[in-house]
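Comments concern the structure below.
Chains as they are written, first to last, in the numbering used here: chain A, 12 to 120; chain B, 12 to 123.
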């Protein structure tokens, strides 16, 4: 059974800092890895999709990397802003998406 | 707007009642799935479908039924609601493997 772990569970940083969120998974036989953002009481918004043959994806201030052999992914957020405050979820796709429990991020002004 | 639509957004049920959570997508996606989200447990897969007429169980299927008579719709039925089914339910779809998943905005269900 695929297990997805996200570290840290919670993170508080001052505005402007660069930060890294970590995701690890136990089974490297995945189709892709996807990072989502969830605001309180809301649905999931897709941030980045890394297909199994890719090593990284970038969108604006976000960069995600994937190392299948070691079962790890990182989400790098540059120059964090208060609007980045949310829960970030990592999910790996086997026959369906397997989610980690998320990292709750607070960016303070 | 194209996307995944879930109804209702909120629902309160009494123990033993039945109901159907609706999910519809207009993107012609073949793959649809249902998840529940509980504090401390993350999102867990209930049922999924790889196309019309095909459904399969996920990690936590007990107490739920699904059917897929059309590509667009994937309703989730609670047969006899229990307090343990109090949760937020999300429906998701994708065109095929290795593509972005699109999620609905969720249904918050309380069973009393």
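Built from N, CA and C at the ideal position, the CB exists for glycine as well.
DSSP three-state label for residue 92/A, please.
By one-based count along the first chain, residue 92/A stands at place 81. In this structure, residue 92/A counts as coil in the three-state DSSP scheme.
Using a Cβ-Cβ cutoff of 7 Å, what residues of the region 54–72 of chain B are near chain A? List them in chain order.
Taking 7 Å as the cut-off between beta carbons, the residues of the region 54–72 of chain B near chain A are 54, 56, 59 and 69, in sequence order.
Should the region 57–67 of chain B be regarded as contacting the region 37–45 of chain B, the criterion being three or more beta carbon pairs within less than 8 Å?
These segments touch.
Environment of residue 92/B [buried if 16+ CB atoms lie within 10 Å]:
Taking the second chain and counting its residues from 1, the one referred to as residue 92/B is at position 81. Classification for residue 92/B: buried.
Select from 120/A, 119/A, 99/A and 116/A the residue whose C-alpha is nearest the C-alpha of residue 53/B.
Here residue 53/B corresponds to residue number 42 of the second chain, with the count starting at 1. Comparing Cα positions, the closest option is 99/A.
How would you call residue 18/A, buried or exposed, if buried means at least 16 neighbouring beta carbons within 10 angstroms?
The residue you call residue 18/A lines up with position 7 of the first chain. Answer is exposed; the Cβ neighbour count stays below 16.
Between the alpha carbons of residue 76/A and residue 69/A, how many angstroms are there, rounded?
For the purposes of this step, residue 76/A is taken as the residue at position 65 of the first chain. For the purposes of this step, residue 69/A is taken as the residue at position 58 of the first chain. Residue 76/A and residue 69/A: Cα-Cα distance of roughly 9 Å.
Of the residues 123/B, 100/B and 118/B, which one's Cα is nearest the Cα of residue 21/B?
Position 10 of the second chain holds residue 21/B. Of 123/B, 100/B and 118/B, the smallest CA-CA separation from residue 21/B is found for 118/B.
How is residue 57/A classed by DSSP in three states: helix, strand or coil?
Taking the first residue of the first chain as position 1, residue 57/A is located at position 46. In the three-state reduction of the DSSP assignment, residue 57/A falls in the strand class, which pools E and B.
Contacts that residue 57/A makes with chain B (C-beta to C-beta distance below 9 Å):
As a first step, residue 57/A must be located in the first chain, where it is residue number 46. Ordered by position in chain B, the residues that pass the 9 Å Cβ test against residue 57/A are 111, 112, 113 and 114.
Closer than 9 Å at the beta carbon, the chain A residues around residue 85/B
Counted from its first residue, the second chain places residue 85/B at position 74. Those do not exist, as residue 85/B stays about 13 Å from chain A at its closest Cβ, beyond 9 Å.
Determine the chain B residues that contact residue 121/A at a beta-carbon separation under 8 Å, and present them in chain order.
Nothing about residue 121/A can be read from this structure; chain A reaches only from 12 to 120.
At the 8 Å Cβ level, is residue 117/B part of the contact set with chain A, yes or no?
The residue you call residue 117/B lines up with position 106 of the second chain. The beta carbon of residue 117/B sits closer than 8 Å to some beta carbon of chain A.
Pull out every residue of the region 21–49 of chain B whose Cβ sits closer than 7 Å to any Cβ of chain C, in chain order.
Protein chains in the displayed structure are A and B, and chain C is not among them.
Our contact map puts residue 36/A next to residue 14/A with C-beta atoms below 8 Å; I'd like the distance itself, whole angstroms only.
Translated into the one-based positions of the first chain, residue 36/A becomes position 25. Translated into the one-based positions of the first chain, residue 14/A becomes position 3. Residue 36/A to residue 14/A, Cβ: 7 Å. Contact.
With distance defined between alpha-carbon atoms, name the residue in 77/B, 82/B, 113/B and 36/B nearest to residue 30/B.
Taking the second chain and counting its residues from 1, one reaches residue 30/B at position 19. The shortest CA-to-CA distance from residue 30/B to any of 77/B, 82/B, 113/B and 36/B is the one to 77/B.
Between which two residues does the beta strand (DSSP E) containing residue 68/A stretch?
To locate residue 68/A, count along the first chain from 1; it is residue 57. Per DSSP, residue 68/A is one residue of the beta strand (DSSP E) stretching across 67–70.
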